[in-house]
Structure formats: C-alpha cells, structure tokens
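Residue numbers (my numbering), protein chains in the order written: chain E, 1 to 263; chain L, 1001 to 1599.
Virtual Cβ for every residue (Gly too), placed ideally from N, Cα, C.
Treat the numbers as computed from the prediction; the structure is a model and nothing was measured.
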Amino acid sequence: MSTVETELPEPASKIELPAHLGGGGDIPTFDITLRVRRYDPEFSEESKWEDFTMTMYGTDRVLDALHKVKWEQDGSLSFRRSCAHGVCGSDAMRINGRNRLACKTLLKDLDTSKPITVEPIKGLPVEKDLIVDMEPFFQSFREVMPFLINRDHTPTKERLQSAEDRERFDDTTKCILCAACTSSCPVFWTDGQYFGPAAIVNAHRFIFDSRDDAGDMRLEILNDKEGVWRCRTTFNCTEACPRGIQVTQAIAEVKQAILARQI
Amino acid sequence: MQVHKYDVVIVGAGGAGMRAAIESGQRAHTAVLTKLYPTRSHTGAAQGGMCAALANVEEDNWEWHTFDTVKGGDYLVDQDAAEVMAKEAIDAVIDLEKMGLPFNRTPEGRIDQRRFGGHTRDHGKAPVRRACYAADRTGHMILQTLYQNCVKHNVEFYNEYYVLDLLTVEEEATREDGTTYMQKRIAGVVSYDLATGELHVFQAKSVILATGGAGKVFKTTSNAHTLTGDGMGIAFRKGIPLEDMEFFQFHPTGLAGLGILLSEAARGEGAILRNSDGERFMERYAPTIKDLAPRDIVARSMANEVREGRGCGPNKDYVLLDLTHLEPAHIDAKLPDITEFARTYLGVEPYTEPVPVFPTAHYAMGGVPTNITTEVLQDNDTVIPGLYAAGEVACVSVHGSNRLGTNSLLDINVFGKRAGVAAAEYAKTADFVELPENPEGDTKALLDHVRNSDGGERVAAIRKDLQDTMDANMQVFRTKDSLNQVLGDIAGFEERYSRISVQDKGKRFNLDLLEAVELGFLLELAKVMTVAALHREESRGGHYREDFPDRDDENFMKHSMAYLDSGVTAESSEEHIAGIRLETKPVVVTRYQPMVRKY
C-alpha cells in the first residue's frame, strides 16, 4: 500500500466573489458569410463554392454555422460531426485555409468581415461536400501495428510502470485520429503512399511505451521509403493538431530512434 | 439489397461494442456495424475514471463498491447485477492495462486511483480513492485502447452503417405450467449504408445491441449529436420493453449554456461549487461528503440554488465550479482537457476564475432490459435467444435510479465482455433463424415515407421544440403538470412529424434523411420517458417529483417496464397516452435493505 498523497487544504466555506463574475451583458451577435466548397458527384462532377449568410451569437463555432445552414437553409449540405467539443475527431476541415475542427473553432476568433471559407481536408478523396474517404488514413494507422505487444509472461495483476515512463509517451496518447495533421502535410498531398503524421504519432505512442516489446518492428516499418524520412519538417502538422500534440517533435524522436538503432 | 451472414453481429462500436467484439471476434465470425467510425463513439468523451476496488492507494473492497452502487441508485439497483459489476471491475481494469491502456501511476508504478462522487469507504464513512484514471481523458484512452485491440484481432467493421431494424420472428411456445406465449427469436438486422444509400441485411445467430444513449431528447446535454437512442427505438418498435426510462441523469457540471461535460474528477481533485454568495452550498445538502455527493443530489442542489435566487451571472442561472485554490501544476496534470474546454468555449481561465456550470443531460439509466448474462428480455424473465445488449442502451440494472460516476465505463467493460463471450458461445451451438419474408420491407417503407414526404415541416425545428420542452419540463424538477405539458407537446410534434420534408433527395451520404429517421426515435423515446415519469408518483434518484417529494418503497420500489401496445387507448391508459402499456418488474434485493439515503 502506498502512502496517500498529502491532503489538499480544505477550501474556504465562503469567499467574496468579484462582482463581475460570470461575465454579463447581452450576448453579442454578428453576421457572417460562410463560403462552403460543395461537391456531389451524384449530380455534378464539378465542385463549386456556395455562400450562405446568417446571424450568429457570442460563442458560436463554425460547426454551429454549418448546422444553421443544414437545419434552416439547405438540408443537403453534408459534413461529419458527433461530440461537438473536440474529442471525437469527426469534423476536421479546412477553415480559412487551415485545418481545424469545426466544433473547436469559434467564429469570433475568425475575421468575420470576410467570408469564412470551409473546404474538405486535402489529400483524401472527396465523397460529398465536406466528407472525405477516411479509409486510406486508417489503412496507414493499421500498418504501424498500433497496439501494445508484450512478450513477457503476463502477470495476474497490472504491469508496473513508473510515472516517468508513463509520462514519456503521454503527448502522443492524446491523438483522436481526426486526420487534421496528415491532411495538412504537403508530402502527403503529393504522395498518397506516405504514412503521414498521424500514423507516426500512433507508432510513437507504442515505441516509447516501456511496456511494449515491438518498437524495433515499428521502427523497421517506418524506416521504409514511405516512412518517416519523407517528413520535411514543415510543422504544418503540429500547427494543425487540435489536441496540441507536438507532432513534428514526435516524428523527429522516431527518426532519432531509427538512427540510434542503426548504430 | 445485399445479404451478409455472420455468427455474431454487434451493433455499435463504442466501449461496450468493441469490448464485446474483442471477445466475440476471437471465438466466432463477427461483424461490428456502427453508424460512425469506431473512434468517434461517445465513450471517448468520458473523462474522470473507472472505479474498481484495487485498493492500490488505500483500503477498499468490492463489497463497499457494491453497497455504494446500490445506495447511489437509491435502491432500485438489481443487487445481483451490482455485485457482478463490482467484483468483475478489478479484472476489467487489469484487462485494459494488459491491452495497453496508459493509466496514471502511483509513485510505486501501480495504477493510481482518485475520489469520485458517491464512492465511499466502509458504507459511507468518507470518500475513497477508487477511480482508476488517465488524466481527465479516461474514456478517450478506453476507446482508443479497445479500437487498437480490435485492429490487433482483425475485427471486421462496417463503418457508417446505420442499423434501422431488428429482424425478429415469433413462435408459440409453452411454459412449464402449460400456458402458452409468443416467443421472440432474433434473425438479424437491417442496416443502411450511409455512403451508398443501399440497404444491407445481416443474418446472424447472435446480435448484440451496444448503441449507447439517447441524450439528444434534451437540449442541454453532454451527449453527442449522434446519440439519438436508435437501439432503444428499434427494440421498442419490435415489442421489446424498455425498463426504467423515467430515470435520466443530469450531470451537475456542464459548461453553463453549452452542456459540455466538466468531469466530476474536478471535484474529486478538490474543486468546489459556490453560489452567488460565494458559499460552498453543498455543505448544507450533503454535510458528510459535500461536493462529492452523487450526481442526482448535487444537480438538484444546484438547480435549487438557482431557483432560490442564488445563481450567478447576469441572469442568475448558473453556479460556479471553483478550482482557484488548486495548484495550476496539479490542474495541468490531472484535469488538462476540462480546463481547456473552459478556456476554449467560455473564455474562462480556471487557474484564477471559477467556471460557470449547470446540470446537463448526461446518461439514461434505463434501456433494453437484460439479465446479468446480458441476454435481452421480452418481458420480466423470458430471454430472447441470441439477442444481447450492453452499455447505456441496456438496463441490467446496475444503475437503478441514479448512476454513480465512473460506473458507466465500468458497465461497458464488464457487461460488454460478458455480451461478447455469451453471444459467441450461443452462436457455436445455435442455428440461424430463417429470415422473415421481405426482411428489409419495413425499413424500406420507413425510408421511402421520410424521403417522399413533402409537407412544410422541418426536422430541425421539431427536434428543437422537443428539446426545449424536455429541458423545461422533464429535467431535474418534475410535476404532474410539467409532464402533461410535455406529453401534450409531443402529440403536436408527432402530428408535425407526419408532415416533414427532407431536402436532400440523393443516395450518397444523405444525413438529412437519417436525421429525420433519428427524430422518429427521439420522439418515441421522449414519450416513453415522460409517461413513465408521470406514472411514478414518488421521488427516487434522478427522478424528482415536486408533487411527490418522498421515496415510496411500498408502492414504487420496482422497475417500470414500458411496452409498445396498439391495444392501449387514451381512454384505457392511466396516463391518457395511447400505444404505451406500463408494467412493473421486481427489484432484485440480496443483502441491502432500503435505507434512508443521506450523505
């Protein structure tokens, strides 16, 4: 039995709250134009821009604007979404030329004096409007063996792992497989065979897990001509990651691990 | 139309579905059908932890966990099921660790544990450290780990396949006492492929429902847009009862106005709730465990503070979650995601400012009734051979009238595993049930009706009106009048629903069409929830009737069972609602007699 952590100080039963708390005043409204890249091969092989104008409120997000279009103006506008707060990874799209999650991008943080452009993420085949074929992306993910491989005799209780060893790969466990990083990578755009940042991030998560025994196999896979060496360190992926993962650094650590192994 | 044949078909790829798939996939020919991609499932949004009496950081045992679960559920829990869950919790956590889940660790390298609402040492004496966790993204880690292991075991997924019908057949059977009844059997499911608009029939010996909850009947909810109760809806339409639907959990700490979840782990790590006087008001409502009282009690206390004029903000309509006395480094290590939510969505800095919060619709305690082997019941005790359910869609019932925090992640792992094993074992000896004639007929008719309907009503407008009335009248406080208001409103929505039109007439990725189908489930489930709430003239757990503020064990310590029944007319129904028959089912009591529930 370990020692119990020091108890937190008991907070005060009553405190003086500052008068302003909770903000206040009226919710600001503003008008926006949403410029969406539309594509539906059932009706036309051409894609085109379409503008929608609407009034939005305070903390509304791009996803709210898309919903407003779908629910009030044009029900055929198609996009994926689920959790709506940045953890499920469904709604990565290109907003004003940058990959982001629509549910995590507040309209008030964009320049609303100009049309806000929304396009599907790049490098994956577009299926309809903002929906792309995710299969090539998940295929790369599966190829790096994204699961723990441990050859030791399995203990009946949990394996021990020090807090430091656990911390070593913490950053890359945050990945939600939204594809914002991979589809922001210029190498991935021009070379569909490249594993892409997300697959490398998920390989990193196991390579640096002290409980895992298959790091060498994963490094071998990523040493391939379509592996980590295709990375040109443009940092697009790090900028695009809605979870704040240091993607480029993770790729660099995998490169170093391959080199260290070759020595 | 294509027909596929599998031993086991699992509907849903959240925690319960994928935990089942890992077991079933290694034993039988298994397919998983999900309306999303597996990693989009809402298990990934769970934050705080998964309880198991590992006793890694302080004394604990599974019997205490069982007691807390029973008391937390205000004695409507089936105690045999709670015992199974608390006992198997320990292996469930160890299983996940072996699959690779990166739990936070103690200085000795064991799985760390922290406090959570309603989980106590020795039958309520003090909070206990029982929740195993990975920062405040435990659900994300569980979902990812299960998906990784599905990849490892080559589980076959059909992504973006919406299951819209259960294929069942009925045959006359005889009970031991010689009476006859209609025995249901499962033959498969009908699904709609989002990419092409084609229908696919899956014939299967076993079907596991793992479709999650129905939070979108409410406006303010922590649930995903896609949680529309499809599994409960298709089961109900096939004459399978729904159990305890009046019990819906409102999580105390949703971001005010948005409903986005802020984990109870915040309070587990020491955060406290304050009203507009700066008062730590939970000291008045739950003197012993204060802010760590179960969710129903905290949510009601918050709503009461607001109702009595002690709410905060310009409209005095929320309270504050105060983390400012915690070290920023501690917050960063233990609660990184939820503090980021507060910054991103409300622009509040939790290091220095308290966060505006209000209860948010979070979890359906009720669902498709099952026994502890996860077999679905067609009445109080008759199993439907081959049909299983696990997770939020199911009602075992381990949560009774109020689920304890962390017990849902536990539920999906324990009963997901049980379902996977049971379904695969059943398939080994069972034969396929012959598909009914024209198996996709009902689904095709449903879709054609929605597609071709050309009235002037918009799906989104009806859904919004439904959510508004549910928030106003079916939330933390309920009365006969408020519930009748909802039922009257729903009657109007049903009429409007018959006059909807869908704008997207295409076949590819027609989410417009599916939103209309989903609204049909939401309307039906909201009605069942409200009728059951109207019938239950007592207050228990998450169901609080202001006109009946006390628990009434004599008349109501029993589960409610709602059946679709066209023989019930408005005149013959006690609640004056046609088409729904309410019955009851006894609660399984093993070792804990109901006591007054105080914290």
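**OP:** Could you tell me whether the region 141-150 of chain E touches the region 200-215 of chain E, where touching means 3 or more Cβ pairs closer than 8 Å?
**Re:** yes
**OP:** Can you check DSSP and say which residues form a bridge with residue 1035/L?
**Re:** For the purposes of this step, residue 1035/L is taken as the residue at position 35 of the second sequence. Paired residue(s): none; residue 1035/L is not in a bridge.
**OP:** Spatial neighbours of residue 72/E within its chain, please: CB distance less than 6 Å, with the 5 preceding and 5 following residues excluded, ordered by chain position.
**Re:** Here residue 72/E corresponds to residue number 72 of the first sequence, with the count starting at 1. Contacts found: none.
**OP:** Identify whether residue 73/E lies in helix, strand or coil by the three-state DSSP scheme.
**Re:** Here residue 73/E is taken as the residue at index 73 of the first sequence, counted from 1. If DSSP states are grouped into helix, strand and coil, residue 73/E belongs with the helices.
**OP:** Out of 1184/L, 1531/L, 1157/L and 1013/L, point me to the one whose CA is closest to residue 1231/L's CA.
**Re:** Locating residue 1231/L in the second sequence gives position 231, counting from the first residue. In terms of Cα proximity to residue 1231/L, the closest of 1184/L, 1531/L, 1157/L and 1013/L is 1013/L.
Subject >> Reference residue 1022/L; option with closest CA among 1065/L, 1208/L, 1360/L and 1079/L >> reply: The residue labelled residue 1022/L in the question sits at position 22 within the second sequence. Closest by alpha carbon: 1208/L.
Original post:
Can you tell me the Cα-Cα spacing of residue 1116/L and residue 1474/L, whole angstroms?
Top reply: In the second sequence, counting from the first residue as 1, residue 1116/L sits at position 116. In the second sequence, counting from the first residue as 1, residue 1474/L sits at position 474. Each residue's alpha carbon lies about 26 Å from the other.
**OP:** Could you name the residues that DSSP lists as bridge partners for residue 1368/L?
**Re:** The sequence position of residue 1368/L within the second sequence is 368, counting from 1. DSSP lists 1394/L as partners of residue 1368/L.
Original post:
So the alpha helix (DSSP H) residue 67/E belongs to, where does it begin and stop?
Top reply: The residue you call residue 67/E lines up with position 67 of the first sequence. Segment 62-68, the alpha helix (DSSP H) holding residue 67/E.
Subject >> Buried versus exposed call for residue 1598/L [16 or more other C-beta atoms within 10 Å across all chains shown] >> reply: Position 598 of the second sequence, counted from the first residue, corresponds to residue 1598/L. Here residue 1598/L is exposed: its Cβ has fewer than 16 other Cβ atoms, across all protein chains shown, within 10 Å.
Original post:
Would the beta-carbon of residue 1029/L fall within 8 Å of that of residue 1227/L?
Top reply: Looking up residue 1029/L in the second sequence gives position 29. Looking up residue 1227/L in the second sequence gives position 227. No, the pair does not count as a contact, with Cβ atoms beyond the cut-off.
Subject >> Minimum Cβ-Cβ distance from residue 1589/L to chain E less than 8 Å >> reply: Taking the first residue of the second sequence as position 1, residue 1589/L is located at position 589. Not an interface residue.
Original post:
Does the region 1427-1434 of chain L come close enough to the region 1444-1464 of chain L that 3 or more CB-CB pairs lie under 8 Å?
Top reply: no
**OP:** State the DSSP-derived secondary structure class of residue 1634/L, mapped to helix, strand or coil.
**Re:** One cannot answer for residue 1634/L here, as it falls past the ends of chain L, which runs 1001 to 1599.
Subject >> Alpha-carbon spacing of residue 1595/L relative to residue 1070/L, whole angstroms >> reply: Looking up residue 1595/L in the second sequence gives position 595. Looking up residue 1070/L in the second sequence gives position 70. Here the alpha carbons of residue 1070/L and residue 1595/L stand approximately 11 Å from one another.
Original post:
DSSP state of residue 1174/L, grouped into three classes?
Top reply: If you number the second sequence from 1, residue 1174/L lands on position 174. Of the three classes helix, strand and coil, the one that applies to residue 1174/L here is strand, per DSSP.
Original post:
Would DSSP call residue 1474/L helix, strand or coil?
Top reply: The residue given as residue 1474/L occupies position 474 in the second sequence. Three-state result, residue 1474/L: coil.
Original post:
What residue ranges within the region 162-239 of chain E form continuous alpha helix (DSSP H) runs of no fewer than 4 residues, ordered along the chain?
Top reply: 163-168, 186-190, 197-207 and 215-222
Subject >> Amino acids of chain E, ordered along the chain, whose beta-carbon sits closer than 9 Å to that of residue 1036/L >> reply: As a first step, residue 1036/L must be located in the second sequence, where it is residue number 36. Per Cβ cutoff of 9 Å: 80, 82, 88 and 90.
Subject >> Separation of residue 1531/L from residue 23/E, as counted between CA atoms >> reply: Position 23 of the first sequence, counting from 1, holds the residue named residue 23/E. Position 531 of the second sequence, counting from 1, holds the residue named residue 1531/L. In this prediction, residue 23/E has a pLDDT of 48, which is less than 50 and means its spatial position is unreliable; what the coordinates show is noted afterwards. Those two C-alpha atoms are separated by around 39 Å.
Subject >> Within chain L, the residues that residue 40/E reaches when beta carbons sit closer than 8 Å >> reply: As a first step, residue 40/E must be located in the first sequence, where it is residue number 40. For residue 40/E, the residues of chain L that pass the 8 Å Cβ criterion are 1506 and 1508, in the order they occur in the chain.
Original post:
Between the region 1213-1227 of chain L and the region 1249-1259 of chain L, do three or more beta carbon pairs fall short of 8 Å?
Top reply: yes
**OP:** Establish whether the CB of residue 1226/L and some CB of chain E are separated by less than 8 Å.
**Re:** Here residue 1226/L corresponds to residue number 226 of the second sequence, with the count starting at 1. Answer yes: the Cβ-Cβ gap between residue 1226/L and chain E drops below 8 Å somewhere.
Subject >> Buried or exposed by the 16-neighbour rule on C-beta atoms within 10 Å, applied to residue 1287/L >> reply: Within the second sequence, numbered from 1, the residue matching residue 1287/L stands at position 287. With fewer than 16 other Cβ atoms within 10 Å, it is exposed.
Original post:
What did DSSP end up calling residue 1236/L once you bin it into helix, strand or coil?
Top reply: To locate residue 1236/L, count along the second sequence from 1; it is residue 236. The answer is helix: DSSP assigns residue 1236/L an H, G or I state.
Original post:
Which chain E residues are close to residue 1344/L, counting only those with a beta carbon under 7 Å from its beta carbon?
Top reply: As a working note, residue 1344/L is residue 344 in the second sequence. The contacting residues are 104.
Original post:
So what does DSSP say about residue 22/E, is it helix, strand or coil?
Top reply: As a working note, residue 22/E is residue 22 in the first sequence. Residue confidence is low: residue 22/E scores 48 on pLDDT, short of 50, so the model does not pin down where it sits. No coordinate-derived value is stated.
Original post:
Between residue 63/E and residue 69/E, which are expected to be in contact by the criterion C-beta below 8 Å, what is the C-beta distance as a whole number of angstroms?
Top reply: Working through the first sequence from its first residue, we reach residue 63/E at position 63. Working through the first sequence from its first residue, we reach residue 69/E at position 69. Between residue 69/E and residue 63/E the Cβ distance is about 11 Å, and since that is not below 8 Å, they are no contact.
Subject >> Residues, ordered as in the chain, of the region 149-168 of chain E that lie near chain L by beta-carbon distance below 7 Å >> reply: 154, 157, 158, 159, 160, 161, 162, 163 and 166
Subject >> Buried versus exposed call for residue 1322/L [16 or more other C-beta atoms within 10 Å across all chains shown] >> reply: Taking the first residue of the second sequence as 1, we reach residue 1322/L at position 322. Its Cβ being crowded by 16 or more others within 10 Å, residue 1322/L is buried.
Original post:
Quick one: what's got a C-beta closer than 7 Å to residue 1157/L's C-beta in the same chain, skipping five residues either side?
Top reply: For the purposes of this step, residue 1157/L is taken as the residue at position 157 of the second sequence. The answer, listed in chain order, is 1013, 1032, 1034 and 1038.
**OP:** Please decide whether residue 1328/L counts as near chain E, where near means a Cβ-Cβ distance under 8 Å.
**Re:** Taking the second sequence and counting its residues from 1, the one referred to as residue 1328/L is at position 328. Not one chain E Cβ lies under 8 Å of residue 1328/L.
Subject >> Exposed unless 16 or more other CB atoms sit within 10 angstroms - verdict on residue 1018/L >> reply: Here residue 1018/L refers to the residue found at position 18 of the second sequence. The residue in question, residue 1018/L, is buried, as its Cβ has 16 or more Cβ neighbours within 10 Å.
Subject >> Minimum length 3: unbroken beta strand (DSSP E) runs contained in the region 92-133 of chain E >> reply: List check, beta strand (DSSP E) in window: 92-95, 98-101, 116-119 and 126-128.
Original post:
Is the beta carbon of residue 118/E less than 8 Å from the beta carbon of residue 34/E?
Top reply: Reading the first sequence from its first residue, position 118 is the one you call residue 118/E. Reading the first sequence from its first residue, position 34 is the one you call residue 34/E. Result yes, Cβ atoms of residue 118/E and residue 34/E sit closer than 8 Å.
Subject >> Contact set for residue 1005/L: own chain, Cβ-Cβ below 6 Å, skip 5 residues either direction >> reply: Numbered from 1 along the second sequence, position 5 holds the residue referred to as residue 1005/L. So the qualifying residues of the chain are 1203.
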